[in-house]
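Chains as they are written, first to last, in our numbering: chain A, 294 to 512; chain B, 258 to 490.
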């Protein structure tokens, strides 16, 4: 491996890294917002909306991100809606992630036994007090492992952004390989930067898992 | 004495299964009513109808004031400490002063011998301790009627006593209580009145002495005989 090439490529990869992180985090944030809304709608069985969320989840969980991105990036302009590649990436990741987050949060909510709600209601608490003080904190603890897994999965999925000409890590690596044939160096940096991006997430995630697990189960 | 709870012609159905049929009785202030009967006779459902956890298909339940309920499975909130469990509803529902609630919580905990556990989480307590906390959590809301739904059924035998002692203590303070239990000796000791429920209907409504010593119905006799053991000759 040629260290001069590595040095030369480093700033290019660093720039791609920042873009990947930026779009990745924005997409994850959007996924959380969609997931929380979707899960609440499903948990409270809001008429019609609940069915709509169910349809959305099935559609986005069962199609590849690449297909979703193509649809958003190439399909929407046909209908007269034009958005930038960055927004497209964020929206695509957010919609895919939202479907996973909806299911993770919903299953956490539903894992809290009904009798906990009854217990709170017996103390005279209202439905909303019960939900906010009793159900939600427990559901969150139960959902943490799934949420962490989703975040890691989504950040890795950013690698398909290259297909819509976003200059992310994957795009940069492929581009440089195509131009200069420095395959080893490019792939090496690619692995390093993905690891740098995901290790902290994984680390923070496992702390969050341990904490929430301790709070609920004491081990 | 004044009636604090009145159940009139209560009927509860789940779809086409009738769980309670035409149940009527009333409870006076300070009275301890024990409800016994075989599994599936509707005892727990009756308590759940009284505190509004179940809708009813016919009849009426009227209560002077609020009820408090203690469940078989304790149902403490696992993400909160003992003190937080006790203070949640007084602060959120009754909007009481925090210092005053904390003082009362500590006094009540002391009364049930759990002062040292106030900052522990439910998972750090034994079943008997959890159930005593659950009783305090109901008490601190100052309900007019306390409902106990088989509160010792999930406990190891050596922990049953500590929970029943707390309830006996409440009886001496003249709390109005409805107690569903399978502990017949306890029922006899604490009851002012016994209701025997079978198949969703009241079969007997009488004094503990009469119910346990001279039950009138064949069904009650058969039920009571299941608690007696005799070696076959």
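Cβ atoms here follow ideal geometry from the backbone N, Cα and C, with glycine treated the same way.
Please read all numbers here as calculations on a predicted model, not as lab measurements.
Could you tell me which chain B residues have their CB closer than 9 Å to the CB of residue i, listed as they occur along the chain?
| i | result |
| --- | --- |
| residue 427 of chain A | 334, 336, 337 and 345 |
| residue 430 of chain A | 334, 336 and 337 |
| residue 508 of chain A | 335, 336 and 378 |
Anything in chain B within Cβ reach of residue i, meaning under 8 Å, just list it in chain order.
| i | result |
| --- | --- |
| residue 434 of chain A | 336 |
Cutting at 7 Å between CB atoms, please list the residues of its own chain near residue i, excluding the five before and the five after it.
| i | result |
| --- | --- |
| residue 432 of chain B | 403 |
| residue 358 of chain A | 385, 389, 450 and 453 |
| residue 494 of chain B | Examination of residue 494 of chain B is not possible in this model, given that chain B is present from 258 through 490 alone. |
| residue 470 of chain A | 476 and 479 |
| residue 402 of chain A | 332, 336, 428 and 432 |
| residue 295 of chain B | 455 and 480 |
| residue 484 of chain B | 441 |
| residue 438 of chain A | 502 |
What does residue i touch in chain A if you count any residue whose Cβ is under 9 Å from its own?
| i | result |
| --- | --- |
| residue 405 of chain B | Correct list: empty, because the minimum Cβ distance to chain A is about 12 Å. |
| residue 374 of chain B | Within chain A, no residue comes near residue 374 of chain B; the closest Cβ sits about 14 Å away, beyond 9 Å. |
| residue 310 of chain B | 411, 414 and 415 |
| residue 383 of chain B | Per Cβ cutoff of 9 Å: no residues; residue 383 of chain B is ~14 Å from chain A at best. |
| residue 326 of chain B | 411, 412, 415 and 416 |
Taking the DSSP output, what are the residues bridged to residue i?
| i | result |
| --- | --- |
| residue 325 of chain B | B/403 |
| residue 458 of chain B | B/455 |
| residue 435 of chain B | B/290 and B/404 |
| residue 282 of chain B | B/264 |
| residue 316 of chain A | Beta-bridge pairing links residue 316 of chain A to no other residue. |
| residue 270 of chain B | B/275 |
| residue 313 of chain B | Answer is none; residue 313 of chain B lacks a bridge partner. |
| residue 392 of chain A | Note: residue 392 of chain A sits in no beta bridge, so no partner. |
| residue 426 of chain A | In DSSP, residue 426 of chain A forms no bridge with anything. |
| residue 389 of chain B | Note: residue 389 of chain B sits in no beta bridge, so no partner. |
| residue 320 of chain B | B/262 |
| residue 463 of chain B | B/451 |
If I measure Cβ to Cβ from residue i and keep anything under 8 Å in the same chain, skipping five residues before and after, which residues do I get?
| i | result |
| --- | --- |
| residue 365 of chain B | 343, 393, 396 and 397 |
| residue 461 of chain B | 451, 452, 453, 468, 472, 473, 474 and 477 |
| residue 273 of chain A | In the structure as shown, chain A begins at 294 and stops at 512. Residue 273 of chain A is therefore absent and cannot be evaluated. |
| residue 342 of chain A | 334 |
| residue 355 of chain B | 344 and 348 |
| residue 352 of chain A | 392 |
| residue 375 of chain A | 369 |
Just the chain A side, please: which residues come within less than 8 Å of residue i by C-beta, in chain order?
| i | result |
| --- | --- |
| residue 253 of chain B | Residue 253 of chain B is absent from the structure shown; chain B starts at 258 and stops at 490. |
| residue 416 of chain B | Neighbours of residue 416 of chain B on chain A: none; closest Cβ ~19 Å, over 8 Å. |
Please go through the same chain and pick out, in chain order, the residues whose beta-carbon is closer than 6 Å to the beta-carbon of residue i, but skip the five residues on each side of it.
| i | result |
| --- | --- |
| residue 419 of chain B | 385 |
| residue 436 of chain B | 291 and 405 |
| residue 449 of chain B | 288 and 289 |
| residue 435 of chain A | 401 and 404 |
| residue 353 of chain B | 347 |
| residue 400 of chain B | 323, 324 and 325 |
Which residues in chain A sit within 7 Å of residue i, going by Cβ to Cβ distance?
| i | result |
| --- | --- |
| residue 330 of chain B | 408 |
| residue 434 of chain B | None at all; the shortest Cβ gap to chain A is about 15 Å. |
| residue 398 of chain B | 416 and 417 |
Could you name the residues of chain C that residue i contacts, counting a contact when the two beta carbons are closer than 9 Å?
| i | result |
| --- | --- |
| residue 323 of chain B | Checking the listed chains, one finds no chain C in this structure; the protein chains it contains are A and B. |
Please identify, using Cβ separations under 8 Å, the residues of the stretch 383-405 of chain A that lie next to chain B, in order along the chain. none
Closer than 9 Å between beta carbons: that is the criterion. Which residues of the stretch 407-425 of chain A meet it against chain B? 408, 409, 411, 412, 413, 414, 415, 416, 417, 418, 419 and 422
Could you list the residues in the stretch 342-366 of chain B with a C-beta less than 7 Å from some C-beta on chain A, going in chain order? 345, 346, 349 and 350
Three CB pairs or more closer than 8 Å across the stretch 360-374 of chain B and the stretch 396-407 of chain A: No, the stretch 360-374 of chain B does not touch the stretch 396-407 of chain A.
Are at least three pairs of beta-carbons, each pair with one atom in the stretch 296-306 of chain B and one in the stretch 272-288 of chain B, less than 8 Å apart? yes
When the Cβ atoms of the stretch 410-428 of chain A are set against those of the stretch 337-354 of chain B, are three or more pairs found closer than 8 Å? yes
Across the stretch 380-390 of chain B and the stretch 319-334 of chain B, are there enough close Cβ pairs to call them in contact, namely three or more that are closer than 8 Å? In short, these stretches touch, since the Cβ pair count reaches three.
Check whether the stretch 355-364 of chain A touches the stretch 450-465 of chain A, counting contact only when three or more Cβ pairs, one atom from each stretch, lie closer than 8 Å. yes
Does the count of Cβ pairs from the stretch 499-510 of chain A and the stretch 281-293 of chain B closer than 8 Å reach three? With the rule of 3 Cβ pairs closer than 8 Å, the stretch 499-510 of chain A does not count as touching the stretch 281-293 of chain B.
Are the stretch 492-503 of chain A and the stretch 317-330 of chain B touching by the rule of at least three beta carbon pairs closer than 8 Å? no
Three or more C-beta pairs under 8 Å: does that hold for the stretch 294-311 of chain A against the stretch 464-477 of chain A? yes
Are at least three pairs of beta-carbons, each pair with one atom in the stretch 480-488 of chain A and one in the stretch 322-338 of chain A, less than 8 Å apart? no
Contact the stretch 308-317 of chain B vs the stretch 263-273 of chain B: 3+ CB pairs below 8 Å: yes
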